[in-house]
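Residue numbers (the numbering used here), protein chains in the order written: chain F, 2 to 808; chain R, 1470 to 1657; chain Z, 5 to 250.
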Amino acid sequence: MTNHWVDLKNADAFLIMGSNAAEHHPISFKWVLQAKEKGAVVIHVDPKFSRTSARSSFHVPLRSGTDIAFLGGMIKYIIEKEKYFKDYVVEYTNAAFLVNKDFDFKDGLFSGYDPQTRKYDAKTWSFEMDEAGLPKKDKSLQDPRCVFQLLKKHYERYNLDNVSAITGVSQEDLLKVYESYSATGVPIKAGTVMYALGWTQHTVGVQNIRAACMVQLLLGNMGIAGGGVNALRGEPNVQGSTDHALLYANIPGYLGAPIDEWQTLADYNKANTPATKDPKSANWWQNKPKYLASLLKGWYGEKATADNDLCYGLVPKCAKGVDYSYMFLFDRMYQGKIRGGFIFGLNPMNTLANTHKARAAMDKLDWVVVSELHHSETTDNWRRPGVNPKNMKTEYFLLPSAHRIEKEGTVTNSSRLVLWHHKAIEPAGQAKTFGFMLVGLMNAIRDKYIKNGGTLPEAITWQDWPKTYVAEDWTKRLNGIFTKDTKVGDKEYKKGQLVPTFGALAADGSTTSLCWVYTGCFTEEDGNKTKRRDPKQTPMQEKIGLNPNWAWCWPVNRRIIYNRASVDPTGKPWNPDKAVIAWEDGKWVGDVPDGPWPPMASENGKYPFIMQTHGFGALFGPGRLDGPFPEHYEPVETPVTSHPFSPQLSSPAYKFVSSEMDKLTKPGDPAYPIVLTTYNLTEHWCGGGETRNVPNLLETEPQLYVEMSPELANEKGIKNGDPVIVENVRGKVEAIAMVTVRIRPFKVQGKTVHLVGMPFAFGWSTPKCGDSTNRLTPSVADPNTTIFELKACLVNVKKAGKLTEIA
Amino acid sequence: MEVNRREFLKVSGSGVIGLSLLQLGVDVRPVRAYAKALKIEGTKEIVSVCPFCSVSCHIIAHVRGGKLISTEGDPDYPINQGALCAKGASMLSMTRNENRLKKPMYRAPGSAKWEEKTWEWTFEQIASRVKKVRDKDLIQKDASGRTVNRLESLFFIGTSHADNEECAAAHQMVRGLGIVHVDHQART
Amino acid sequence: MPKAFLIDTSRCTACRGCQIACKEWNELPANATKQRGSHQNPPDLNPHNFKLVRFNEHLEGATVRWNFFPDQCRHCLEPPCYHEGAKLVDDAIIHDQETGAVVYTDKTKKISADGFEIIRDSCPYDIPRRNPKTGQIVKCTMCYERVVRGMLPACVKACPTGTMNFGDREKMLDLAQQRLAAVRKEYPKALLADADDVNVIYLLIDEPQNYHKHSVAQKDQDIDRKLFLARLGRPLRRGVEALLNL
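Spelled out as structure tokens, the structure:
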């Protein structure tokens, strides 16, 4: 989230899209409803009418996978009706930048596409530079090569006829949303976007979110109270686990993981540190070398020296262009290329796409270590229905884990708030914390390397690794310490003392930090700030519910990021009633500003979008792999064979794997004409491995169901509560029919398209509750993130006799 | 002393309400019998955080003698202000539930059952398997002779259920081993 | 001063925090349930669920209406069950004037199965349930032991959205009127269910029958009042239904 939960109360309009906030983040509605009662419009755009829709001002059903068409129509509307916040767009976004003359878009493809590799060469997706090395701009926004004009041209095709025909949304509903939401394109109104996995789990997932960012930039909704693009992070600490990069392509703090081309620290820094010649651009990532050096020093301690490149050479280098994420991991596992591994607190046998293949892939492992609270589809994959344990060769080690309430440490909520949780009771039985397991396991491995040597032992033995796991010691490691006596401003810090803020991290090995954005969470001056429970705030802060003294928020306790965009270039809030920051008497008041510099118009001022190299919000976004502007492409499995925007039916760059178990249905296949979308529900958690074991929760939602319209049910001779089978080329899933008016048939290009929806929380390890819905979903993914397209695929539905998975 | 219901009402109707009802010092048997004790009285209150969605609602755990007695929302946390959804509200039975795993276990190839093991045995077994694979499979140089020090044949996936401190430890461990197949719920 | 709940269904998201909080506080065991084509589960109040969020949906033109009804004992001002109970076993059912709570004690175990039927039939809202194992008659207790200590009932404490409100009856009535005026702008059908007769007042934004069969005692307020008084001690629920079916 760019903003935070309490800040939702400041919004004048909500676009809840790709999210079912009331069901998946129920407490968010405490704040949404407060805004609604003050007159805010709450718009829910989603394939089905949910508990969120029930409490929204109105619900607009949208065919799953057509969000960009919908939002493209909104961009066109905002530009044509001049609803955009002009000063903001000119001053704070790259609307005025002139784009490379060779940049082009034709027949659904951007310039630089290679159909052989299905990849773009993005060299034409760049800006024209002047002699001084700064981007050329036309602040009148009239130059046909400026971003604004290219944007206008790009979305010309997204008229109401086209958008309505493909999304299945009536023109009346489209206009209702466009009008009410774009009314926030004025200085004193705020609109917020709340999204979740309903946007990310598509082959165009990243571009869905890009489209929302563009809407928000056009309307001047970034950086302000009640605004922002708010990713409602799903998992308990998924914000934190992303910050610490339990991901192949990153190392902690949003630094890229080293690849083979970057052999030395200097190579890495050269390739990864952006530069600008514009003195007004903060270009924050110019500090990257400091963060990497502090990370390496944190990992390798005394052994990391200038002479050995801070042990950079020991860190694994990924092969350039190779994807090591789930989809490819399980494909390689299926091919027998993986020997063993660790699955901690995760239930991939239920949550990955195409789980039939994932389950078969796991059988090929020699051994696997699984850590869990309960038996799950993953821990017990060797005895799943339909297999004989005798034939299952894989060794399983099952480590019982402690529950949240049984341990202490920090988690980071969706709005980057780092929160300490105390230990209330001892873990059940011999269950242990993940920390105990990780530190203990690594020590067992280290001992063997120390005693017996082996391949590249120093990568392990040189690490600064503790004997036992103590949570708060690691909080300090995250924050970082000085490795020698250092002066910061007027203050002297001794070797071993905590670094006060990431501004003090250095590239020379004199500081450590296992995640630079966390530096400042635990200081010599204030102790462990994640434990703070102080409700104190200034009247200005209280007005927008900033709560700056409750716990600690990364970065540097800034509660609303990009907040320099909430003021005009002289530092005056666009909306004085809901000011986030203000420049008063030569200093900033309110939130922690995005950098200490004075307002943009002053001599030493900076542009607001400090993480962008040029300092401007990116209406034109050259950094993605599938284009600088979002473009509508159909899901890989789609009920249509054409769409009105281009001849390019599906994303030209989506990722996929191929095996005999990775079958796909061709577009418009009459055998599988129904769109399946998947989701979850308030009472269960993701794959359900945890909540199905809580009897009170299982009582409320006991078994797998499929929601369908009365019209479809009627066509299929299905009654509410009937047993049914949902099937496609990849599998069959048993479910109970929930026939509901909350799902409406769509009119798409003049034809009726039916959609059904199923939760994915149920699995065989809970007796007779049903089994993985993901046996139906395809292994195709977004090119940028490799997130599966779990939200749209094709199926058919039929009435069943007796069920075996549900009873 | 026995007080019948009518008399009780007379007593309690004299402007005495709330806690004072219990301080009447008389045996108002039926009601007192019903409301005889508040199970969380005298418990220690410890603040935890709900383990589900990223609102991170604060939860107060009421503990007596090392035993969890009850859980409720923390009214002071500015975001949930004491409120909880179905999942958050179920923390007590979630922690207590009978299905929890309580011992390290091992399932041998071809076996149809789990065997209980000690932590020491488990760590030792896993460590020797990791070392065996890593010593054999670690790619120190790629085909072009570049130093890559990566181990492709092992993986580590999980978990957003871990604390920040545990995530940091996991990442450090994984990169130290050379593992590159790393993923977790941020992707799905 | 008696206490009252205001249950503002215009704010309810059916998160079921209240339903679960009730089970957890009272440590009620879970029922084995099945999916029957509805999110409402368990299907009805039962000895292990004193609180149940009911789900009811329909189309109003092209607009979907999905109504949520966190059902529970209304803690009537003149509780028919209390009067019936008094005839059967002393102190089995208590009506506490201080809080307005109608509390079933474990003496209800002494009431026979037939006696229970009389009590259940007397309830205009079909609330009481009997645990077949223990014979005890059970329902919402108003979290009496919490309330007398100045704490909120567990369900109210858990509610995120301001659906569940609890406090002095007069304050709740004021709040109810305020909220009714506010929601009527958007929902002209909005009403307060049986506000004069119960301490658990529902603000409904749709027709009562679009929530639950027993969301209100009956339609006509005059008959309602008379029936309440006239029928005390007689099988009220069936009487009301018979009357409405005429």
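In this text, a Cβ means the ideal position worked out from N, Cα and C, and glycines have one as well.
Since the structure is predicted, the reported quantities are computational estimates derived from the model, not experimental observations.
Helix, strand or coil for residue i? Go by DSSP, reduced to three states.
i         : result
Asp172/Z  : strand
Pro239/Z  : Unreliable placement is indicated for Pro239/Z, whose pLDDT of 46 sits below 50; the coordinate value is still reported in the next sentence. Coil.
Asp47/F   : coil
Leu256/F  : strand
Phe9/Z    : strand
Pro27/F   : coil
Ala1/F    : Because chain F is modelled from 2 through 808, residue 1/F falls outside the range shown and cannot be assessed.
Pro401/F  : strand
Asp226/Z  : Note on Asp226/Z: pLDDT 46, under 50, position unreliable in the model; the coordinate value appears next. DSSP places Asp226/Z in helix when its eight states are reduced to three.
Glu61/Z   : strand
Met1560/R : helix
Cys163/Z  : coil
Gly21/Z   : helix
Ala1638/R : helix
Thr642/F  : coil
Phe630/F  : coil
Please state whether the Cβ-Cβ distance between residue i and residue j is less than 8 angstroms.
i         : j         : result
Glu712/F  : Pro674/F  : no
Arg134/Z  : Pro51/Z   : yes
Pro600/F  : Glu92/F   : no
His1650/R : Tyr325/F  : yes
Thr168/F  : Arg20/Z   : no
Gly346/F  : His1630/R : yes
Arg534/F  : Trp551/F  : yes
Glu24/F   : Thr53/F   : yes
Glu211/Z  : Lys193/Z  : yes
Trp466/F  : Arg478/F  : no
Leu353/F  : Thr380/F  : no
Gly227/F  : Asn11/F   : yes
Pro760/F  : Leu682/F  : yes
Ile28/F   : Cys1526/R : yes
Using the beta-carbon count (16 or more within 10 Å), is residue i buried or exposed?
i         : result
Arg405/F  : buried
Leu9/F    : buried
Thr67/Z   : exposed
Trp32/F   : buried
Asp75/Z   : buried
Thr642/F  : exposed
Leu1570/R : buried
Met5/Z    : exposed
Where do the ends of the beta strand (DSSP E) carrying residue i lie?
i         : result
Leu1620/R : Thr1616 to Ile1626
Lys799/F  : Cys794 to Lys800
Asp1652/R : Ile1648 to Asp1652
Ala738/F  : Lys733 to Val740
Gly1658/R : In the structure as shown, chain R starts at 1470 and stops at 1657, and residue 1658/R therefore has no counterpart that could be examined.
Val187/F  : Premise fails: Val187/F is in no beta strand (DSSP E) and is neither H nor E.
Thr67/Z   : Thr67 to Asp75
Under DSSP, the alpha helix (DSSP H) around residue i begins and ends at which residues?
i        : result
Thr356/F : Thr356 to Met363
Met328/F : Tyr327 to Tyr335
Arg150/Z : Tyr148 to Val151
Asn203/Z : Run containing Asn203/Z: none; DSSP gives neither H nor E here.
For a test of your reading of the model: does the CB of residue i fall under 7 angstroms from any non-hydrogen atom of the ligand FAD? Yes or no.
i         : result
Arg1598/R : No copy of the ligand FAD appears in this structure; indeed no ligand is present at all.
Discussion item. Taking 8 angstroms as the cut-off, does the region 1507–1518 of chain R touch the region 1632–1651 of chain R (at least 3 CB pairs, one atom from each stretch)?
Written reply: no
Worksheet entry | Touching by the beta-carbon criterion (3+ pairs, under 8 angstroms), the region 278–296 of chain F and the region 748–755 of chain F | no
Discussion item. Three or more C-beta pairs under 8 angstroms: does that hold for the region 450–464 of chain F against the region 415–431 of chain F?
Written reply: no
Worksheet item: How do the region 617–628 of chain F and the region 776–794 of chain F stand: do at least 3 beta-carbon pairs fall below 8 angstroms, yes or no?
Response: yes
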